Amino acid sequence: MKSVVVLLILSSCIGINEAVEDSLVFVYTIFRHGDRTPETNNLYPTSQYYNESFFMPYGFGQLTNKGKLTAFKVGQELRERYKGFLDETYNIKLIDARSSDFNRTKASLQVMLAGLFPPTEELVWLEGMNWQPIATTYVERTSDKELFCFGCPAWDPNYDDFQYSAQGRALLKGNENIFEYITNKTGKTYRQVLDVYFLYFGFAILESLNETLPEWSKSVYPEKMANMLGIHYDYMTSTPILRQMAAGYLLKEILEDIDDKISDKFPVKKMSIICGHENNIAALLRVLDINEGYNSLPPYGGYILFELHRKDSQYGIKIFYQNYKTAEPKLMKLPECQEFCPLEKFKQIVEKDIPVSDEVCRPKSAASGNLPLQSIIIFVVSSIVIFNSSTFIEFGK
1 MKSVVVLLIL SSCIGINEAV EDSLVFVYTI FRHGDRTPET NNLYPTSQYY
51 NESFFMPYGF GQLTNKGKLT AFKVGQELRE RYKGFLDETY NIKLIDARSS
101 DFNRTKASLQ VMLAGLFPPT EELVWLEGMN WQPIATTYVE RTSDKELFCF
151 GCPAWDPNYD DFQYSAQGRA LLKGNENIFE YITNKTGKTY RQVLDVYFLY
201 FGFAILESLN ETLPEWSKSV YPEKMANMLG IHYDYMTSTP ILRQMAAGYL
251 LKEILEDIDD KISDKFPVKK MSIICGHENN IAALLRVLDI NEGYNSLPPY
301 GGYILFELHR KDSQYGIKIF YQNYKTAEPK LMKLPECQEF CPLEKFKQIV
351 EKDIPVSDEV CRPKSAASGN LPLQSIIIFV VSSIVIFNSS TFIEFGK
């Protein structure tokens, strides 16, 4: 009896975490970057804030000091969560770390890794410097199908087809007047859901910086404009091809990493880390039909954990979502599976949303090979526009 009491006391003191149970094999993490300054597409020309000097020394669309702290804390949280599983001493074979092709995600990933892997004694390279360089990668946004669906030439035409369809207009019903109202107040034309979606983030960022919003915004911000975020996420995941571009390529990469771990291709590797955007997280939650993410914006530093476990010789997935409504990441349950979802069952559930090839990313006419001259010209021009605009298009907040 005394030994039982001692064990209970020790357990409570140590704080045994379910995440470090013996069944854990591998973790795939995707988190949203830290707090940032607005992009120009989050503002409008007549705004007093439509001047980059206002946001110096950062500039437009950059990670702020507050954002650095947000990302750093993500690393600290995961270090604490996976204590006993993830080695404390950094090893280049231990993790893969990748971001999207934006300064704020690249910087967020570096700061997050500083929180996850403070140098152990043998890796301290300068006395008093509690930081070590860790290698990261990224894919140019025009080629990044996993984290930047705007880079797919097929994205815009498919998105537009749906938003102007009867079904798309039905989702917008009751919100149509917001376009004319904002256009009249700003002097800038707002015609689409995406236009209002971008402006919402501009207001949210200014509000977080304790700046004064225009008086007219009170009629539409935050509630009415927030509705447009939900509509945009609905549009993103409304058809099979949009679902595949919005989240399918990322799901495919997650499963490939998991299969590589199971096959012992990378025996030392324990974690893949991705720094992306709220759109990435929102799309994953919707495609997986996880209700927790439907009606709320994924916060700065919010993250999803795909944990691979092995129990009784069976591999399975546990999915956790951290939106900071609770202290610990919340264990999610897929509608068609248990909290511990057998890997083969999980693959069956997501199979329809995973692209079988890169043809999904191409316009139908380009993929078929029967392309009229006019369509070729439009396709080439569109590709140039995507390439040039990708330097300022914001994928989420």
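Under UniProt numbering, the sequence shown has 120 at position 120, and the numbering climbs by one with no breaks.
C-beta atoms are modelled at their ideal positions from N, C-alpha and C, and glycine is treated no differently.
What you are looking at is a predicted structure, and each value in this text was computed from that prediction instead of being measured.
Check                                                                                                                            : Outcome
Own chain, CB closer than 8 Å to THR237, minus 5 neighbours either side, in chain order                                          : ARG243, ALA246, ALA247, ALA283, ARG286, VAL287
Residues bridged to ILE319 (per DSSP)                                                                                            : PHE306, MET332
Neighbour-count burial assignment, ARG98, 16 or more Cβ in a 10 Å radius                                                         : buried
Nearest candidate by alpha-carbon position, reference ARG81, set ASN91, LEU24, LYS173                                            : LEU24
Beta-carbon gap between TYR315 and LEU343 smaller than 7 Å                                                                       : yes
Contact under 7 Å by Cβ, CYS275 with PHE31                                                                                       : yes
Close beta carbons around LEU78, own chain, < 6 Å, minus the five adjacent residues each side                                    : LEU116
Contacting residues, own chain, Cβ-Cβ under 8 Å from LEU103 (five flanking each side not counted)                                : Here the sequence assigns Asn to residue 103, which means Leu is not the residue at that position. So the list reads GLY61, GLN62, LEU63, once near-sequence residues are dropped.
Helix, strand or coil at ASP101 [DSSP, three-state]                                                                              : coil
DSSP-derived helix/strand/coil call for VAL268                                                                                   : coil
Inter-stretch contact at 8 Å, needing at least 3 Cβ pairs: the stretch 182-201 / the stretch 219-228                             : yes
Short Cβ contact (7 Å threshold) for PRO355 with ALA154                                                                          : no
Per-residue burial, GLU307 [other beta carbons within 10 Å of its own, 16 or more giving buried]                                 : buried
LYS270 vs LEU69 beta-carbon contact at 7 Å                                                                                       : no
Option in ALA107, GLY67, SER100, GLU88 with minimal Cα separation from ASN280                                                    : SER100
Per DSSP, cross-strand counterpart(s) of PHE179                                                                                  : Bridge partners of PHE179: none, in fact.
Local conformation of THR142 per DSSP, three classes                                                                             : helix
CB contact flag (LEU255, VAL27, <7 Å)                                                                                            : no
Residue range of the alpha helix (DSSP H) that includes TYR28                                                                    : First-last for TYR28: 24-32, but that is the beta strand (DSSP E), not the alpha helix (DSSP H).
Range of the contiguous alpha helix (DSSP H) that encloses SER208                                                                : 193-208
Backbone CA spacing between LYS345 and THR239 [nearest angstrom]                                                                 : 22 Å
For GLU223, the nearest candidate out of PHE201, GLU211, ILE241 (CA to CA)                                                       : PHE201
Limits of the unbroken alpha helix (DSSP H) element including ASN227                                                             : 223-236
Contacts around GLY67, its chain only, beta-carbon distance under 6 Å, and the 5 residues preceding and following it disregarded : GLY34, ASP35, ARG36
ASN42 versus TYR181: straight-line alpha-carbon distance, rounded                                                                : 17 Å
Assigned secondary structure, THR64 (DSSP; H/G/I helix, E/B strand, else coil)                                                   : coil
ASP260 beta carbon less than 7 Å from that of LEU171                                                                             : no
Residues bridged to GLN244 (per DSSP)                                                                                            : Looking at the DSSP assignment, GLN244 forms no beta bridge with any residue, so it has no partner.
Outcome for ILE178 when other beta-carbon atoms lying within 10 angstroms are tallied against a minimum of 16                    : buried
Beta-carbon proximity list for GLN110, same chain, < 6 Å, skipping 5 on both sides                                               : none
ARG169 to GLU176 span [Cα, whole Å]                                                                                              : 9 Å
Coil, strand or helix - MET1 by DSSP                                                                                             : In this predicted model, MET1 has a pLDDT of only 49, less than 50, meaning its place in the structure is not dependable enough to derive any value.
When GLU351, ARG310, THR89, GLU359 are compared against PHE340, the one with the closest alpha-carbon                            : ARG310
Any non-hydrogen atom of the ligand SAH closer than 6 Å to LEU285 Cβ                                                             : You won't find the ligand SAH in this model; it holds no ligand whatsoever.
Beta-carbon gap between SER272 and ASP87 smaller than 7 Å                                                                        : no
Backbone CA spacing between PHE54 and LYS188 [nearest angstrom]                                                                  : 21 Å
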